[in-house]
Amino acid sequence: MVVRDELSDEQTDRVFQALAASTRRDILRRTITQEQTVSELARDYDMSFAAVQKHVAVLEAAELIVKRAEGRERLVRANPEMIARARALLARYEDLWRSRIARLDDLLAEPVAAPGEASDPDTSTDPGSAPRGSSTT
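If you read the sequence shown in the numbering used here, its first letter stands for residue 1, the second for the next number, and so on.
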């Protein structure tokens, strides 16, 4: 499967809005494994057929599902290409956050100077040594 370039801001907004509702996530899950009619989908929800159609329309606008007509029925199936594109976007976000956490871990792992202890050896003031630039003669 070939995945097109990354999602536009508008596509990203539509995908995340579509996935914000548990019913739509469930419809997507159900249509990944098997193409189903809107009527079949509607039977399993405690809402009107029209409400399920609206959920399907939101998923279709986000390109997460594809709907096709077969006679009087409307068949719905998940769109693996768009799911892969959304997954790639999430993977980029994950990589970004993992790198930020790694940098934070590195900063936290650096030794911390104790109070009164100089952290820069060039600015230390050893009582037995003269300050830089001065002579002891």
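In this text, a Cβ means the ideal position worked out from N, Cα and C, and glycines have one as well.
Collapsing the DSSP output to three states places residue 53 in a helix. Proximity of the segment 66–86 to the segment 3–17 meets the contact definition, three or more beta-carbon pairs being nearer than 8 Å. The three-state reading of DSSP puts residue 77 in strand, counting E and B together. Around the CB of residue 58, 16 or more other CB atoms lie within 10 Å, so the residue is classed as buried.
Within the segment 12–56, complete alpha helix (DSSP H) segments of at least 4 residues are found at 22–33, 38–43, given in chain order. In the structure shown, the three-state DSSP call for residue 60 is helix. In chain order, 52, 53, 56, 74, 76 place their CB closer than 7 Å to the CB of residue 38, counting only its own chain and leaving out the 5 sequence neighbours on each side. Residue 6 is a Cβ neighbour of residue 89, given a cutoff of 8 Å. Shown here, residue 68 sits in a strand according to DSSP, grouped into three states.
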